[in-house]
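Data block below; observations after.
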Amino acid sequence: MKNTLYPLKFQPILKDKIWGGEKLKNLLHKASHLPNVGESWEISDVEGDTSVVINGNLENQSLKHLLSTYKADLIGEKNYKQFGNKFPLLIKFIDAKEDLSIQLHPNDELAAERHNSFGKTEMWYVMQADKDANLIVDFNQKMTPELYLEHLENKTLPEILNFDKVKAGDTYFIEVGRVHAIGAGVLLAEIQQTSDITYRIYDWDRTDDFGNERELHTDLAIDAIGFDMEDNFRVTYSKTANQSNPMVSCQYFTTNYLHVDQTIDKKNTYDSFIIYICVEGEAEIKTESHSETIKKGETILLPAAISAYQIISNDATLLEVYV
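Just so we're aligned, residue 4 is where the sequence shown starts under the numbering used here, counting upward by one.
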């Protein structure tokens, strides 16, 4: 069975969002008739939104079906023991034409107890940002539940939030419990646990076409917020060409920065699948029996059974992700 596995591409699952824009279509060439494409789910095993293969002889097969068929050959022995037929990561591109709501995600324990789900630890890599665009991450002062609720009630929450101006290449690690939002004008890649659980705490008093505000999760959020978290969410990393440069490593995923301008030989020593997200340029990923091209805005999954491969490019930047 190992021999039938090769670098897999999936059909992007596009999401129309009240805050979405045109960049996923115009900059990342996602085909869509939706007016406000906010998200492209590149690899997903979220219930009701399972990715489907679009290349090679496994075309039209779902990620769920591949997992139940290939098991550890697809995701690695240790991952299969831990996750079974559930793919552990969700990969997205997000385009915020307007500010997203202020939100946070519960940890594994709360998410399991309340929603029968994983928690949602995630990271962001900024691919493009308009002038003065920002991300909101954490509070700008020491915070207590009482002070937070007072600002929430008075609709002055933005006054106590930390706004960071961002540019392409900026990277953030968003732990569960950390208050955050993507600001207008930011296009980014997001790597996260497989979970769609979000607690929305403030939505800029926006209303839909019928005058309704979106639901807030004030009560659920209060005991999920980390009021006393360390200021360690900005990620620094080196960019040495043709080698994997560590960015984020946590119990849920490891992400490296990889700039390629030649042919490099790679080995999979992680007992895990490896995902490549192309954030700039174009590269060829070559295994013993297959070759696939990956362009900016595309994502590819290398099954764990592929132990050696090459990446070939004159000028490409990839995020390399595994568990």
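All residues carry an ideal CB built from backbone N, CA and C; glycine is no exception.
What did DSSP end up calling R117 once you bin it into helix, strand or coil? helix
Considering only C-alpha positions, which residue in the set Y128, Q131, H183 is nearest to Q106? H183
Do the CB positions of L191 and R203 come within less than 9 Å of each other? no
Where does G59 fall in DSSP's three states? helix
Using only alpha-carbon positions, find the residue among I97, L138, N165, T320 that is nearest to E42. I97
Just to confirm, is the Cβ distance from T290 to F230 under 9 Å? no
Within the same chain, show all residues whose beta-carbon is closer than 8 Å to that of S275, passing over the 5 residues directly before and after it, in chain order. I78, G79, K81, N82, A307, Y325, V326
Please confirm whether N137 and F176 have their CB atoms less than 9 Å apart. no
Restricting to runs no shorter than 4 residues, where is the alpha helix (DSSP H) found entirely within the region 140-165? 148-156
How about the region 88-103 and the region 46-63: do they share at least three Cβ pairs that are nearer than 8 Å? yes
Evaluate the contact criterion for the region 309-320 versus the region 256-265: three or more CB pairs, one atom per stretch, below 8 Å. yes
Among N39, S252, P109, G51, the one whose alpha carbon lies nearest that of A227: P109
From the DSSP output, in three-state form, read off A187 for me. coil
Rounded C-alpha distance that separates R217 from S54: 28 Å
Rounded C-alpha distance that separates Y205 from E153: 13 Å
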